[in-house]
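When you line the sequence shown up against mature numbering (1 follows the signal peptide of the UniProt record, and there is no 0), it's residues -24 to -1, 1 to 223, in that order.
Each residue gets a CB set at the ideal place from its N, CA and C atoms; glycine is no exception.
Encoded as structure tokens, the structure appears first; notes follow it.
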Amino acid sequence: MELGFRHQLGLVCVIFLFPALCNCKEHFTKSRATYYGTHDGYGAPSGACGYGEYGRTVYNGSVADVSGLWRNGAGCGACYQVRCKIPSLCDVNGAHLVVTDNGAGDNTDFIMSPRAFSKLGRNNAASANLKKYGTVDIEYKRVPCTYTSNVLFHIKEASTNPGYFAVVILNVNGIHDITAVEMWQKRQQRWEALRRSYGAVFDYANPPSGEIQLRFQLGYKYWVRSKIHIPANWKPGATYDTKVKLH
């Protein structure tokens, strides 16, 4: 894993030496949220991030579509804490959710799955009342994603070995966007960028034969390299464990 450890130490020192620069007060942004319907309360597998079934059930189905937070797909996989603003109905902690789709409502930043929206309420009765509102005032902030398993590479079903390779990266902890993905070209001895095809899906036409080695960028600084190579006989629809766990 290629992380800027030296930079992290420097940041800690600055905070220690100049505590007045550290504003630890929580900052929430005011907005509105609504919800969409599904037969089981989970998300939809057809989300624009390209997560498929993973996007339906991740975070136990506590997922959402976003509009302004979409950022041309870079917002896919971002996690947020969302709290509604009706004291008699709303839970003080609100819902923790992950972005899996792009969508716009009535001046809303979030269109939440039923499971996510219900977590805004203090109890089941309160959640039912909130749903009658349809759209509610909220406040939200970005929070680190918390997964217990390793980062995964999922090969998109549209891939064809060897003619076309498309991948989506799952279970990324922390608070940074995936801004780039690169593939090691053994013959040229260099990393080459994959294209962001749509949402969280990165692709590459005519990938090299043999094993595939990938790395991805968090934010615009840290590169994370998988501890495993995707095997030469990779299959569309397969998921591979990177043996990397982010904290």
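Inset, instruction - Taking only the alpha-carbon atoms, compute the straight-line gap between Pro90 and Arg8 and give it to the nearest angstrom. - result: Position 114 of the sequence shown, counted from the first residue, corresponds to residue 90. Position 32 of the sequence shown, counted from the first residue, corresponds to residue 8. Going from the Cα of Pro90 to the Cα of Arg8 covers about 15 Å.
Legend entry - Other residues of its chain near His3: CB distance less than 8 Å, five sequence neighbours each side excluded: By one-based count along the sequence shown, residue 3 stands at place 27. Contacts found: Lys117.
Legend entry - Endpoints, the alpha helix (DSSP H) within which residue 224 is located: Nothing about residue 224 can be read from this structure; the chain reaches only from -24 to 223.
Inset, instruction - Label Gly213 either buried or exposed according to how many other C-beta atoms from any shown protein chain fall within 10 Å of its C-beta, with 16 as the threshold for buried. - result: Position 237 of the sequence shown, counted from the first residue, corresponds to residue 213. When all chains shown are included, Gly213 counts as exposed.
Legend entry - Contacts around Leu128, its chain only, beta-carbon distance under 8 Å, and the 5 residues preceding and following it disregarded: Indexing the sequence shown from 1 puts residue 128 at position 152. Answer for Leu128: Ile145, Leu146, Asn147, Thr215, Tyr216, Asp217 and Thr218, listed in chain order.
Inset, instruction - Mind the definition here: the segment 129 to 137 touches the segment 60 to 72 only if three or more C-beta pairs lie below 8 Å; say whether that holds. - result: no
Inset, instruction - Between the Cα of Tyr35 and those of Ser43, Gly44, Leu45 and Gln57, spot the shortest distance and give me the residue it belongs to. - result: Residue numbering aside, residue 35 sits at position 59 when the sequence shown is read from its first letter. Distances from the CA of Tyr35 to each of Ser43, Gly44, Leu45 and Gln57 were compared; the closest alpha carbon is that of Gln57.
Inset, instruction - Determine the direct distance from the alpha carbon of Ala142 to that of Val177, and round the result to whole angstroms. - result: Looking up residue 177 in the sequence shown gives position 201. Looking up residue 142 in the sequence shown gives position 166. Their Cα atoms are separated by approximately 7 Å.
Legend entry - Assigned secondary structure, Glu187 (DSSP; H/G/I helix, E/B strand, else coil): The sequence position of residue 187 within the sequence shown is 211, counting from 1. In the structure shown, Glu187 sits in coil (DSSP, three-state: anything other than H, G, I, E or B).
Legend entry - Residue interval of the beta strand (DSSP E) (run including Asn78): Numbered from 1 along the sequence shown, position 102 holds the residue referred to as residue 78. Run containing Asn78: Ala71 to Asn78, per the beta strand (DSSP E) assignment.
Legend entry - For Gly175 and Leu96, the rounded distance between their alpha carbons: As a position in the sequence shown, residue 96 is number 120, starting the count at 1. As a position in the sequence shown, residue 175 is number 199, starting the count at 1. So the alpha carbons of these two residues sit roughly 27 Å apart.
Inset, instruction - Would you identify the three-state DSSP class for Lys117, choosing helix, strand or coil? - result: Translated into positions along the sequence shown, residue 117 becomes position 141. The answer is strand: DSSP assigns Lys117 an E or B state.
Inset, instruction - Identify, in the order they occur along the chain, each residue of the same chain with its Cβ nearer than 6 Å to the Cβ of Val119, setting aside the five sequence neighbours on each side. - result: Sequence index remark: in the sequence shown, residue 119 carries index 143 (1-based). The residues Cys55 and Gln57, in chain order, have a CB closer than 6 Å to that of Val119 in the same chain once the five nearest residues on each side in sequence are set aside.
Legend entry - Exposure of Pro183, with buried meaning 16 or more beta-carbon neighbours within 10 Å: Here residue 183 refers to the residue found at position 207 when the sequence shown is read from its first residue. With at least 16 other beta carbons inside 10 angstroms of its own, Pro183 counts as buried.
Legend entry - Whole-number beta carbon distance between Ser43 and Gly79, since they are thought to touch under 8 Å: Position 103 of the sequence shown holds residue 79. Position 67 of the sequence shown holds residue 43. Right, their Cβ atoms sit about 7 Å apart.
Legend entry - Neighbour-count burial assignment, Tyr196, 16 or more Cβ in a 10 Å radius: Taking the first residue of the sequence shown as position 1, residue 196 is located at position 220. Tyr196 comes out exposed.
Legend entry - Same chain only: Cβ atoms within 6 Å of residue 224, ignoring 5 sequence neighbours per side: Nothing can be reported for residue 224: it is not among the residues displayed for the chain, which extend from -24 to 223.
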